[in-house]
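All remarks here apply to the structure that follows.
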Amino acid sequence: DGNFSEWSNWTRCSVSCGNGMQKRNRSCSKPTPAYGGNNCTGNHTEIRYCTQLDCPVDGNFSEWSNWTRCSVSCGNGTQERNRSCSKPTPAYGGNNCTGNHSEIRYCTQPHCP
1 DGNFSEWSNW TRCSVSCGNG MQKRNRSCSK PTPAYGGNNC TGNHTEIRYC
51 TQLDCPVDGN FSEWSNWTRC SVSCGNGTQE RNRSCSKPTP AYGGNNCTGN
101 HSEIRYCTQP HCP
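And the structure:
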């Protein structure tokens, strides 16, 4: 009758981050069945789940805020609006947002008396 070999080592996790799988094998070769002997019974392969580090999450900007009121009540002024790197916030080594967090534009109110 045939008998199984020792299990091989577990393979590396199938993913570099997050949830994946590993497997290992064995063969019916200790000895191989011969002269009408029975084949091995049981699994030749085992699978298990593995968890690696959390995957990097790149940051993304939120929507722009509304423009602020003009900085002056008469004449030429400025308005500002903002956004944050929070949709999502970068995590686990992910990239930060690239681009401006704020914008300024000119505004004109009625001429000063």
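UniProt numbering puts the first residue of the sequence shown at 1, with every later residue one more than the last. Just so it is clear, CB atoms sit at the ideal spot from N, CA and C, and this is done for glycine as well. Keep in mind the model is a prediction, meaning the values are calculated, not measured.
Check, Outcome
"Test item: CB-CB of Glu103 and Arg69 under 8 Å", "no"
"DSSP three-state assignment for Asn25, whether helix, strand or coil", "strand"
"Simplified DSSP state of Gly42, which is helix, strand or coil", "coil"
"Candidates Cys107, Ser73, Asn66, Asn60: closest to Cys97 by CA position", "Asn60"
"Inter-residue Cα distance where the pair is Pro90 and Cys55", "11 Å"
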